[in-house]
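K.L.:
A single structure is presented below for examination.
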Amino acid sequence: MENKLKTEKSNITTMMEFVLLGFSDIPNIQGLLFGIFLVIYLTIFMCNSIIILIIKIDPALQTPMYFFLSNFSFLEICYVTITIPRMLMDLLTQKGHISLFACATQMCFVLMFGGSECLLLTVMAYDRYVAICNPLHYPLVMNHKVCVQLVTASWVSDIPVVIGQTCQIFSLPFCGSNTINHFFCDVPPVLKLACGDTFVNEIAVYVVAVVFIMVPFLLIVVSYGKIISNILKLSSARGRAKAFSTCSSHLIVVVLFYGTATITYLQPKPNQSEGIGKLISLFYTILIPTLNPIIYTLRNKDIMVALKKLLTKLL
180 MENKLKTEKS NITTMMEFVL LGFSDIPNIQ GLLFGIFLVI YLTIFMCNSI
230 IILIIKIDPA LQTPMYFFLS NFSFLEICYV TITIPRMLMD LLTQKGHISL
280 FACATQMCFV LMFGGSECLL LTVMAYDRYV AICNPLHYPL VMNHKVCVQL
330 VTASWVSDIP VVIGQTCQIF SLPFCGSNTI NHFFCDVPPV LKLACGDTFV
380 NEIAVYVVAV VFIMVPFLLI VVSYGKIISN ILKLSSARGR AKAFSTCSSH
430 LIVVVLFYGT ATITYLQPKP NQSEGIGKLI SLFYTILIPT LNPIIYTLRN
480 KDIMVALKKL LTKLL
């Protein structure tokens with residue numbers, strides 16, 4: 180009995196790395212997956228960079244809405260850079276080894292950028308609310324100083340909470356298996372490897388998810404409830420169509436992002452399937468960031484006009 184306890188203690192204290200299984204269950208298409216994810220990453224990086232560039236150089240896009248959109252595009256680049264390059268390296272080397280510190284760092288930044296994205300989407304909804312429901316006061320309410328303060332708050336307000344939660348998770352003892360059935364260090368699969376009672380940690384995850392996912396989502400719902408109510412009161416059909424067009428892109432992104440994030444972090448632990456969890460994570464870490472630039476450009480006439488201007492100058 181004493182020897183068994185010593186062995187368990189040794190396993191807990193000596194575990195200094197994890198192994199990310201990634202897509203090792205489908206070994207025949209590792210090369211194909213590498214090619215697909217590389218193209219996706221380069222597409223996300225280039226498309227968002229182009230959005231940032233045209234918003235920066237086109238005078239017609241120097242408005243709060245596009246200021247927030249350029250910050251959102253930059254946030255998307257940061258968000259995917261935390262997961263995809265690491266996944267590409269694992270697909271290439273077929274190893275997947277990641278140190279405890281690197282795993283904690285990756286988790287911290289994924290949660291940080293994810294939380295910032297939730298808050299920034301809420302700020303963007305508030306911007307649309309003021310523009311449509313209170314247009315006369317819009318320039319005063321959404322002046323440059325306020326916009327900078329809102330963006331800064333979106334970027335930094337979740338940092339202390341995320342660092343605290345990451346430290347709490349990685350202060351747990353880990354024993355037995357060190358394999359994470361995922362392609363990055365996400366909270367649910369890492370918590371499954373922890374020894375002992377993780378009830379407090381799970382409650383903490385729920386609380387943080389409610390604060391940074393559900394509360395912002397409810398604020399967005401309230402904002403859009405008032406926006407839609409105001410749009411329907413407009414007498415001009417063209418005015419209604421323009422207002423709906425302005426808001427629809429943002430609304431699509433909100434539904435896609437919040438839907439998958441809610442399933443991942445607010446689903447009860449016993450109901451979480453590792454395979455399904457991995458698939459959902461692919462949606463909100465890779466697929467949705469790929470779709471976002473397309474949604475915002477193809478459904479936005481101002482962006483398309485600015486893009487055509489830029490291409491004309493370059494060609």
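Just remember that the working numbering sits 179 ahead of the position in the sequence shown, which is counted from 1. Glycine residues also receive a C-beta, built at the ideal position from the N, C-alpha and C atoms. Computed from a prediction, not measured in an experiment: that's the story for all the values here.
1) Please classify A239 as buried or exposed, where buried requires at least 16 neighbouring CB atoms within 10 angstroms.
2) Within 10 angstroms of its Cβ, does I392 collect 16 or more other Cβ (buried), or is it exposed?
3) Check T476 in the structure and name its three-state DSSP category.
4) Just verifying my parser: in three-state terms, what is the DSSP assignment at H276?
5) Would the beta-carbon of F216 fall within 8 Å of that of I256?
6) Assuming L248 and I234 form a contact by the criterion Cβ under 8 Å, report the distance between their Cβ atoms to the nearest whole angstrom.
7) Please list the terminal residues of the continuous alpha helix (DSSP H) segment that includes V384.
8) For the alpha helix (DSSP H) that contains F224, what are its first and last residues?
9) Counting along the chain, where does the alpha helix (DSSP H) carrying F391 start and finish?
10) DSSP three-state call for Y372: helix, strand or coil?
11) Can you tell which of L397, F378, F246 and N360 has its C-alpha closest to the C-alpha of F197?
12) Pull up the distance between the alpha-carbon of S414 and that of Y385, whole angstroms please.
13) Could you tell me the alpha carbon to alpha carbon distance between V366 and V401, rounded to whole angstroms?
14) Please name the residue in V434, S424, N227 and F280 whose C-alpha comes closest to that of L397.
15) Measuring alpha carbon to alpha carbon, tell me which of T469, P243, T425 and S408 ends up nearest V320.
16) Under DSSP, the alpha helix (DSSP H) around L319 begins and ends at which residues?
17) Using the beta-carbon count (16 or more within 10 Å), is T491 buried or exposed?
18) On the DSSP bridge assignment, give the partners of T358 in chain order.
19) Which class does F251 belong to by DSSP, given the choice of helix, strand or coil?
20) Would the beta-carbon of V218 fall within 8 Å of that of I261?
21) Going by beta carbon distance, what residues of the same chain come within less than 7 Å of T222, once the five residues before and after it are set aside?
22) Quick check on DSSP: helix, strand or coil for F363?
23) Report the CB separation of L300 from P395 in whole angstroms; it is logged as a contact under 8 Å.
24) Assess contact between the region 294 to 311 and the region 362 to 378, defined as three or more Cβ pairs (one per stretch) separated by less than 8 Å. Is contact present?
25) Shortest alpha-carbon distance to T476 belongs to which of Y245, Q241 and K371?
26) Could you check the C-alpha separation between V389 and G454 for me, to the nearest Å?
27) My assumption, with CB atoms under 8 Å, is that T439 sits in contact with I459. Please give the rounded CB distance.
28) I'd like the list of long-range same chain contacts for N357, defined as Cβ closer than 8 Å, with 5 residues on each side in sequence excluded.
29) What residue from F363, L489 and V379 has the CA that sits closest to L270's CA?
30) Is the Cβ-Cβ distance between T345 and C297 less than 8 Å?
31) What number of angstroms, rounded off, separates the C-alpha of L411 from the C-alpha of A420?
P.N.:
With the structure as the only source:
1) One-based indexing of the sequence shown puts residue 239 at position 60. Exposed, by the Cβ-count rule.
2) For this step, residue 392 is matched to residue 213 along the sequence shown. Result: buried.
3) Against the sequence shown, residue 476 aligns to sequence position 297. Correct three-state label for T476: helix.
4) By one-based count along the sequence shown, residue 276 stands at place 97. In the structure shown, H276 sits in a strand (DSSP, three-state: E or B).
5) Here residue 216 is taken as the residue at index 37 of the sequence shown, counted from 1. Here residue 256 is taken as the residue at index 77 of the sequence shown, counted from 1. Cβ atoms of F216 and I256: not closer than 8 Å.
6) As a first step, residue 248 must be located in the sequence shown, where it is residue number 69. As a first step, residue 234 must be located in the sequence shown, where it is residue number 55. At roughly 7 Å, the Cβ-Cβ gap stays under 8 Å, so L248 and I234 are in contact.
7) What you label residue 384 is simply residue 205 of the sequence shown in a count that begins at 1. Where V384 is concerned, the enclosing alpha helix (DSSP H) stretches over F378 to A388.
8) Position 45 of the sequence shown, counting from 1, holds the residue named residue 224. Taken as a continuous stretch (DSSP letters only), the alpha helix (DSSP H) holding F224 covers Q209 to I236.
9) What you label residue 391 is simply residue 212 of the sequence shown in a count that begins at 1. Here F391 belongs to no alpha helix (DSSP H), and DSSP marks it neither H nor E.
10) What you label residue 372 is simply residue 193 of the sequence shown in a count that begins at 1. Checking the sequence shown, residue 372 turns out to be Leu, not Tyr. L372 falls in the coil class under three-state DSSP.
11) Reading the sequence shown from its first residue, position 18 is the one you call residue 197. Looking at the Cα atoms, N360 is the closest of the given residues.
12) What you label residue 414 is simply residue 235 of the sequence shown in a count that begins at 1. What you label residue 385 is simply residue 206 of the sequence shown in a count that begins at 1. Their Cα atoms are separated by approximately 44 Å.
13) Locating residue 366 in the sequence shown gives position 187, counting from the first residue. Locating residue 401 in the sequence shown gives position 222, counting from the first residue. If you take the alpha carbons of V366 and V401, they lie about 29 Å apart.
14) Walking along the sequence shown from the start, residue 397 turns up at place 218. Among V434, S424, N227 and F280, the Cα nearest to that of L397 is on V434.
15) Looking up residue 320 in the sequence shown gives position 141. Minimum Cα distance to V320 is reached at P243.
16) By 1-based counting over the sequence shown, the position of residue 319 is 140. Its alpha helix (DSSP H) spans residues Y317 to V320.
17) For this step, residue 491 is matched to residue 312 along the sequence shown. So T491 counts as exposed.
18) Stepping through the sequence shown from its first residue, residue 358 is reached at position 179. V198, per the DSSP bridge assignment.
19) In the sequence shown, the residue the question calls residue 251 occupies position 72. Three-state result, F251: helix.
20) Position 39 of the sequence shown, counted from the start, is the residue given in the question as residue 218. Position 82 of the sequence shown, counted from the start, is the residue given in the question as residue 261. Their beta carbons are not under 8 Å apart, which means V218 does not touch I261 by this criterion.
21) In the sequence shown, the residue the question calls residue 222 occupies position 43. Within the same chain, T222 has close Cβ partners T469.
22) Numbered from 1 along the sequence shown, position 184 holds the residue referred to as residue 363. The answer is coil: DSSP assigns F363 none of H, G, I, E or B.
23) Mapped onto the sequence shown, residue 300 falls at position 121. Mapped onto the sequence shown, residue 395 falls at position 216. Rounded, the Cβ-Cβ distance is 7 Å, consistent with contact.
24) no
25) Translated into positions along the sequence shown, residue 476 becomes position 297. Measuring from the Cα of T476, the nearest candidate turns out to be Y245.
26) One-based indexing of the sequence shown puts residue 389 at position 210. One-based indexing of the sequence shown puts residue 454 at position 275. Rounded to whole angstroms, V389 to G454 spans 24 Å at the Cα level.
27) Mapped onto the sequence shown, residue 439 falls at position 260. Mapped onto the sequence shown, residue 459 falls at position 280. With a Cβ gap of about 5 Å, T439 and I459 count as contacting.
28) Counting from one through the sequence shown, the residue named residue 357 turns up at place 178. Cβ within range, chain order: M194, E196, F197, V198 and L372.
29) Sequence index remark: in the sequence shown, residue 270 carries index 91 (1-based). Out of F363, L489 and V379, F363 has the C-alpha closest to the C-alpha of L270.
30) Walking along the sequence shown from the start, residue 345 turns up at place 166. Walking along the sequence shown from the start, residue 297 turns up at place 118. No, these two residues do not count as a Cβ contact at 8 Å.
31) If you number the sequence shown from 1, residue 411 lands on position 232. If you number the sequence shown from 1, residue 420 lands on position 241. Rounded to the nearest angstrom, the two C-alpha atoms are 10 Å apart.
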